[in-house]
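> I have a structure I would like to understand better, so I am pasting it below and will then ask my questions one at a time.
There are 2 protein chains.
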Amino acid sequence: MSNIILGGMMLKAVFFDIDDTLFDTSGFAKLARKAALNMMIDAGLPLSSTEAYKLLREIIGQKGSNYDKHFNVLTKTVFGEEKPLLISLGMINYHNVKFALLRPFPETISTLINIKAKGYQLGVISNGITIKQWEKLIRLGIYPFFDEVVTSDEVGFEKPHGRIFEVALNRMGCSAENSVMIGNKFTEDIMGAVNAGMSAILVNSKLTTEEEKRIEEEKLDVKVISNISELENIL
Amino acid sequence: MSNIILGGMMLKAVFFDIDDTLFDTSGFAKLARKAALNMMIDAGLPLSSTEAYKLLREIIGQKGSNYDKHFNVLTKTVFGEEKPLLISLGMINYHNVKFALLRPFPETISTLINIKAKGYQLGVISNGITIKQWEKLIRLGIYPFFDEVVTSDEVGFEKPHGRIFEVALNRMGCSAENSVMIGNKFTEDIMGAVNAGMSAILVNSKLTTEEEKRIEEEKLDVKVISNISELENIL
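As structure tokens, then:
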């Protein structure tokens, strides 16, 4: 894997995914959800922590993570009706814990500084709600690094759809060949970018044997790194 | 005014409005909005603080205070399109400042303790979104005082409509004659309660001459206090 060559010519723009690429979204969300459920249990939710977390994960699985009434559904499931006190307690504590913990991966900021100093334009291509994704960049303190931020919400298509990459490249004024996408999801980030003519680097994730084989057979312009700081050696 | 007698028999339940009755909603919201606008101006909103606040107030006047996209409309008005960075900056700083400042009036908690100790049941009757109103009671640290919390959102009718008072009395298991409503709005809180057969006490607000005249002529069971702590002497 490590011998695959990026691009072939000088890259000019580097696009990042946000969640689980620039910061530990999944880890923070899990801690925040558990803290929220514990507060709800203290206030009368008649479940164990384990039962409550299992139920919440089922609800998130059904409704999607961008749905904003998981706790409403949870109390309705348990009590047969919504319990506003428990819902509000859950939401307040979820947000308090999430915002208290929110920070970039330890290497994110130094890596962004380094890449920016090398003269690259930086962008974000993210599946999510525009204002929520901007909120993350602001709360993480990293939004000034990015020349363009493009979300599926504003484009109307999610990664891996070609349209979102196309819009990002157009806005940045950059050709696909001169651009690389960094992300943690093989289908959305890596194959989406490659199919749009960009190079791609997978981070914080491992390739399956099938994915490795596909990259080799189709000679895809894909690299894998275990930590975002390795970008400094590649770009 | 001070000679009007409450009820005539022992009051058993005391219902409170939330906003500007138990805490300084308007004052906090104003500070939070100004802080949010200053952050937006620092990030490129081409208005003075005064112009921006005037425009925001117009938008709130048009859309209502429960609308959650005031900053979207503001950037669209100024730039001709929504600006996600400015909107997110505004929303984050509005919420940060609001939550940082959020506390009950200095006399609220001791008054609630005192009334509760005298054996009254306590309730809330509030116009607003259920989860948002519960969030205020939780963040203010006062929700355990209240036996029943009734919102216009759940009832489907806003104060001064009789239905919301009727639902609150039913849930509390209390007759109107044995109940008093405390609030800062003459029409919503005071006339709403009086028309539902309850007594009423106006706080943090002054009666107009016309309102005073109406109370006298119709011999309405209404008192006026300048501070919530005066309830201790009345109840």
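If you're matching them up, the sequences are chains A and B in order. Following the numbering used here, the numbering of the first sequence begins with 55 at its first residue and continues without gaps. Following the numbering used here, the numbering of the second sequence begins with 55 at its first residue and continues without gaps. Every residue, glycine too, gets a C-beta built ideally from N, C-alpha and C. Small disclaimer: the values here were computed from a predicted structure and weren't measured.
Quick check: the Cα distance between residue 256(A) and residue 221(A), rounded to an integer number of angstroms?
Taking the first residue of the first sequence as position 1, residue 256(A) is located at position 202. Taking the first residue of the first sequence as position 1, residue 221(A) is located at position 167. Each residue's Cα considered, the two are about 21 Å apart.
> Under the rule that 16 or more other beta-carbon atoms within 10 Å means buried, what is residue 80(B), buried or exposed?
In the second sequence, counting from the first residue as 1, residue 80(B) sits at position 26. Residue 80(B) comes out exposed.
> Give every residue of the same chain whose Cβ lies closer than 6 Å to the Cβ of residue 254(A), excluding the five residues on either side of it in the sequence, and list them in chain order.
Numbered from 1 along the first sequence, position 200 holds the residue referred to as residue 254(A). Same-chain partners within the cutoff: 235, 244, 247, 248 and 276.
> Just to make sure I have the definition right: I need the residues of chain B whose C-beta is within less than 8 Å of the C-beta of residue 184(A). Which are they?
On the first sequence, position 130 is the one that residue 184(A) refers to. Those within 8 Å of residue 184(A) in chain B are 138.
> For residue 62(A), which of helix, strand or coil comes out of DSSP?
In the first sequence, counting from the first residue as 1, residue 62(A) sits at position 8. Unreliable placement is indicated for residue 62(A), whose pLDDT of 44 sits below 50; the coordinate value is still reported in the next sentence. Residue 62(A) falls in the coil class under three-state DSSP.
> For residue 142(B), would you say it is in contact with chain A, using Cβ-to-Cβ distances shorter than 7 Å as the test?
As a working mapping, residue 142(B) is identified with position 88 in the second sequence. Judged by the 7 Å Cβ criterion, residue 142(B) is in contact with chain A.
> What is the rounded straight-line gap between the Cα of residue 143(A) and the Cα of residue 129(A)?
As a working note, residue 143(A) is residue 89 in the first sequence. As a working note, residue 129(A) is residue 75 in the first sequence. Looking at the two C-alpha atoms, the distance is approximately 12 Å.
> Is it true that the CB of residue 139(A) sits closer than 7 Å to the CB of residue 188(B)?
As a first step, residue 188(B) is located in the second sequence; it is residue number 134 there, counting from the start. As a first step, residue 139(A) is located in the first sequence; it is residue number 85 there, counting from the start. Yes, these two residues count as a Cβ contact at 7 Å.
> Measuring CA to CA, which of 108(B), 148(B) and 103(B) is closest to residue 123(B)?
One-based indexing of the second sequence puts residue 123(B) at position 69. Answer by Cα proximity: 148(B).
> From the beta carbon of residue 293(A), is the nearest beta carbon of chain B less than 7 Å away?
Here chain A has residues from 55 to 289 only, and residue 293(A) is not among them.
> Would a check of beta-carbon distances place residue 192(B) closer than 7 Å to chain A?
As a working note, residue 192(B) is residue 138 in the second sequence. Yes, contact with chain A.
> Return the CA-CA distance between residue 170(B) and residue 78(B), expressed in angstroms with no decimal places.
Residue 170(B) sits at position 116 when you count from the first residue of the second sequence. Residue 78(B) sits at position 24 when you count from the first residue of the second sequence. Each residue's alpha carbon lies about 22 Å from the other.
> Let me know the secondary structure DSSP gives residue 145(A) once reduced to three states.
If you number the first sequence from 1, residue 145(A) lands on position 91. Looking at residue 145(A) - three-state DSSP - the assignment turns out to be helix.
> Please tell me whether residue 95(B) has its Cβ less than 7 Å away from any Cβ of chain A.
Taking the first residue of the second sequence as position 1, residue 95(B) is located at position 41. Not closer than 7 Å to any Cβ of chain A, the Cβ of residue 95(B) fails to qualify, so no.
> Please list the partners that residue 146(B) has in chain A, where partner means a Cβ-to-Cβ separation under 7 Å.
Taking the first residue of the second sequence as 1, we reach residue 146(B) at position 92. The answer, in chain order, is 189, 192 and 193.
> Using a cut-off of 8 Å between C-beta atoms, extract the partners of residue 197(A) located in chain B.
The residue labelled residue 197(A) in the question sits at position 143 within the first sequence. Chain B residues near residue 197(A): 139.
> Checking contacts by CB at 7 Å: is residue 230(A) closer than that to chain D?
Although the question refers to chain D, the structure presented lacks it and instead comprises the protein chains A and B.
> Taking Cβ to Cβ, would you say residue 161(A) is nearer than 7 Å to residue 283(A)?
The count along the first sequence starts at 1 and reaches residue 161(A) at position 107. The count along the first sequence starts at 1 and reaches residue 283(A) at position 229. It is a contact, given that the beta carbons lie within the stated cut-off.
> I need the straight-line Cα distance from residue 91(B) to residue 176(A), nearest angstrom please.
For this step, residue 91(B) is matched to residue 37 along the second sequence. For this step, residue 176(A) is matched to residue 122 along the first sequence. Going from the Cα of residue 91(B) to the Cα of residue 176(A) covers about 27 Å.
> Report yes if the CB atom of residue 252(A) is closer than 7 Å to the CB atom of residue 233(A), and no otherwise.
On the first sequence, position 198 is the one that residue 252(A) refers to. On the first sequence, position 179 is the one that residue 233(A) refers to. In contact: residue 252(A) and residue 233(A) (Cβ atoms closer than 7 Å).
> The ligand NAD and residue 265(B): does any heavy atom of the ligand fall closer than 6 Å to the residue's C-beta?
The ligand NAD is not part of the structure shown, which contains no ligands of any sort.
> How many Å lie between residue 218(A) and residue 179(A) at the Cα?
Residue mapping note: residue 218(A) aligns to position 164 of the first sequence, counting from 1. Residue mapping note: residue 179(A) aligns to position 125 of the first sequence, counting from 1. Their Cα atoms are separated by approximately 7 Å.
> Cα separation between residue 280(A) and residue 163(A)?
Position 226 of the first sequence, counting from 1, holds the residue named residue 280(A). Position 109 of the first sequence, counting from 1, holds the residue named residue 163(A). Their backbone Cα atoms lie some 16 Å apart in a straight line.
> Straight-line CA distance for residue 57(A) to residue 156(A)?
Here the question's residue 57(A) lines up with position 3 in the first sequence. Here the question's residue 156(A) lines up with position 102 in the first sequence. Low per-residue confidence applies at residue 57(A): pLDDT is 33, beneath 50, and the placement is therefore not dependable enough to give any value.
> Report, in whole angstroms, the separation of the C-beta atoms of residue 168(B) and residue 213(B), which I expect to be a contact under 8 Å.
Counted from its first residue, the second sequence places residue 168(B) at position 114. Counted from its first residue, the second sequence places residue 213(B) at position 159. 25 Å between Cβ atoms; not a contact.
> Starting from residue 235(B), trace the beta strand (DSSP E) in both directions and tell me its first and last residue.
On the second sequence, residue 235(B) is found 181 positions in, with the first residue counted as 1. Residues 233–237.
> Let's test the definition: count the other Cβ atoms within 10 Å of the Cβ of residue 237(A) and tell me whether it reaches 16, buried, or not, exposed.
Here residue 237(A) refers to the residue found at position 183 when the first sequence is read from its first residue. Its Cβ being crowded by 16 or more others within 10 Å, residue 237(A) is buried.
> Should residue 165(B) go down as buried or exposed, given a rule of 16 or more other Cβ atoms within 10 Å for buried?
Locating residue 165(B) in the second sequence gives position 111, where the first residue counts as 1. It counts as buried.
> Using 7 Å as the limit for Cβ to Cβ distance, is residue 60(B) near chain A?
Here residue 60(B) refers to the residue found at position 6 of the second sequence. Residue confidence is low: residue 60(B) scores 47 on pLDDT, short of 50, so the model does not pin down where it sits. No coordinate-derived value is stated.
> Does any CB atom of chain B fall closer than 7 Å to the CB of residue 57(A)?
Along the first sequence, one-based indexing puts residue 57(A) at 3. Interpretation of residue 57(A) is limited by its pLDDT of 33, a score under 50 that renders its predicted location unreliable; no figure is taken from the coordinates.
> Buried or exposed, going by whether 16 or more other CB atoms sit within 10 Å of the CB of residue 190(B)?
To locate residue 190(B), count along the second sequence from 1; it is residue 136. Residue 190(B) comes out buried.
> Which residues mark the beginning and the end of the beta strand (DSSP E) in which residue 256(B) is found?
Against the second sequence, residue 256(B) aligns to sequence position 202. Here the beta strand (DSSP E) through residue 256(B) covers 253–257.
> Since residue 146(B) and residue 192(A) are thought to touch, with beta carbons under 8 Å apart, how far apart are those beta carbons, to the nearest angstrom?
For the purposes of this step, residue 146(B) is identified with residue 92 of the second sequence, where counting begins at 1. For the purposes of this step, residue 192(A) is identified with residue 138 of the first sequence, where counting begins at 1. Yes, they are in contact, since the Cβ atoms of residue 146(B) and residue 192(A) sit about 6 Å apart, within 8 Å.
> What number of angstroms, rounded off, separates the C-alpha of residue 231(A) from the C-alpha of residue 268(A)?
Numbered from 1 along the first sequence, position 177 holds the residue referred to as residue 231(A). Numbered from 1 along the first sequence, position 214 holds the residue referred to as residue 268(A). Their backbone Cα atoms lie some 20 Å apart in a straight line.
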